[in-house]
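Before any comments, here is the structure.
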Amino acid sequence: MPEGVIKIGVVSCSGENCLGGTISRLATRKMIDEIYPDKTVTICLPLFLAGGEQERMFANAYPTITVDGCDKLCAKRATEKYSGQVSDALDVSKIIGKEIAESPALSTRNLTDEQREMITKVAQEIKTKFEKVFTDYVNTLIKSGKTPASGCGCQCGG
Amino acid sequence: MFSKIKVIPCSGMGKVYGLLARESALRVTQNLRPQECETMCLAYLVTGDQEAREKIEGKNCITLDGCPAMCAAKNVEMAGGIVVDKMKMIDIMKEYKGAKPGTATELTEEGWQIVDEIAERIAAKVKKLAKEEE
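Structure, rendered in structure tokens:
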């Protein structure tokens, strides 16, 4: 991470076998595209194994929130197994219900308005966790005497 | 006993290629050849859980990767799956020069058309493999 720029990692399971996986993916994309595009960073979960040391440093380089579609919690467990302790974790099935989350995966071509609402709801939950993790991280930096900065990422202070 | 062929995409988060892989896999496993193939969560394989490994060990798999990192192919191989075909979206997209398939979040009409064509190719491979297994 460039010095002075604070980014928070959001890692989704993107599970292919259930609706929860589709929602975890799209809610995470909402963080990247719309909610905190300048402060959110992600990584493809399978890169922890297929990639190198740099990829496995992810959770050490960024405070990380995992987003799992079901209670197997693959993103959380794999992140902690290969990369580092996560700062927070979200289980989509606890928000939309286990039965709905474990229903068959859905193409984004066929999303209903109800499912789009679920994505928005999950993204809001991620946002809440994100803001807490961000604040805690800034406070930790201040306590350790480092000067935190965030914003556009170009070091201009904007 | 016939075992369904696994079609496993990377579902990469960063670029449209990951979404093309994911949607192509869902199209073929849910619509085109559901009797002969299925998908499974790549994230579950990444955990290294014994149960996940047992689901794929010794099974024929087609992997769909977005980028040269080849996450799906590598993870499936590490879990003991037999990768009979490795498809790479970034290479396939060279056949669609100038196309604008969309983003990692959503596909354009053109992107969906490409997904349908890729899925047809996968379906043909699945059909052939299933016939060989009979």
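Just so you know, the sequences run in chain order A and B. For the first sequence, my numbering gives the first residue as 4, with consecutive numbering after it. For the second sequence, my numbering gives the first residue as 1397, with consecutive numbering after it. The beta carbon of each residue, even a glycine, is placed where N, CA and C say it ideally should be. Please read these numbers as outputs of a predicted model, since none were measured by experiment.
- Proximal residues of chain A, C-beta to C-beta of B/Cys1406 below 7 Å: Cys47 and Pro49
- Item | Exposed unless 16 or more other CB atoms sit within 10 angstroms - verdict on B/Pro1430 | Around the beta carbon of B/Pro1430, fewer than 16 other beta carbons lie within 10 angstroms, which makes this residue exposed.
- Residue environment, B/Ala1448, which counts as buried when at least 16 other CB atoms sit within 10 Å: By the neighbour-count criterion, in which 16 or more other beta carbons inside 10 Å mark a residue as buried, B/Ala1448 falls on the buried side.
- Item | Beta-carbon spacing of B/Ile1458, B/Met1436 below 8 Å | no
- Using 8 Å as the limit for Cβ to Cβ distance, is B/Cys1457 near chain A? Cβ-Cβ to chain A under 8 Å: no for B/Cys1457.
- Message: Using C-beta distances below 6 Å, list every residue in its chain close to A/Ile99, excluding the 5 sequence neighbours before and after it, in chain order.
- Response: Here the set comprises Met121.
- Grouping DSSP H, G and I as helix and E and B as strand, with all else coil, what is A/Ala30? Look at A/Ala30 here: in three-state DSSP terms it is helix.
- Task: Starting from A/Asp71, trace the beta strand (DSSP E) both ways and give me its first and last residue.
- Result: Here the beta strand (DSSP E) through A/Asp71 covers Thr67 to Asp71.
- Message: Using a Cβ-Cβ cutoff of 7 Å, what residues of the segment 49-78 of chain A are near chain B? List them in chain order.
- Response: Residues of the segment 49-78 of chain A with a C-beta less than 7 Å from any C-beta of chain B: Pro49, Leu50, Phe51, Leu52, Ala53, Gly54, Lys75, Cys77 and Ala78, listed in chain order.
- Query: Which of helix, strand or coil does DSSP assign to A/Ala81?
  - Reply: Of the three classes helix, strand and coil, the one that applies to A/Ala81 here is helix, per DSSP.
- Message: Which same chain residues end up closer than 7 Å to B/Ser1399 when comparing Cβ atoms and leaving out the 5 residues on each side of it in sequence?
- Response: Lys1455
- Can you tell me which of the three DSSP states A/Lys146 falls into? helix
- Rounded to whole angstroms, what's the CA-CA distance from B/Glu1506 to B/Cys1467? Just pull it up for me. Cα to Cα, the separation comes out at about 25 Å.
- Can you list, in chain order, the residues of its chain whose CB lies under 6 Å from that of A/Thr138, leaving out five sequence neighbours each side? Sequence-distant Cβ neighbours of A/Thr138 in its own chain, meaning closer than 6 Å and more than five residues away, do not exist here.
- Message: Give me the chain A residues within the contact set of B/Cys1433, using Cβ-Cβ distance strictly less than 8 Å, ordered along the chain.
- Response: The contacting residues do not exist; B/Cys1433 stays about 12 Å from chain A at best.
- Query: Closer than 8 Å, CB to CB, is B/Val1480 near chain A or not?
  - Reply: Not a single C-beta of chain A is nearer than 8 Å to the C-beta of B/Val1480.
- Is there at least one Cβ from chain B nearer than 8 Å to A/Asp139's Cβ? no
- Where the beta strand (DSSP E) containing B/Lys1484 begins and where it ends: Ile1478 to Lys1484
- Coarse secondary structure for B/Val1442, derived from DSSP in three states: helix
- Kindly say whether A/Ala108, judged by its beta-carbon, lies nearer than 8 Å to any beta-carbon of chain B. For A/Ala108, the answer is yes, since a Cβ of chain B falls inside 8 Å of its Cβ.
- The beta strand (DSSP E) with B/Cys1463 in it runs from where to where? Looking at the DSSP string, B/Cys1463 is not in any beta strand (DSSP E), and its letter there is neither H nor E.
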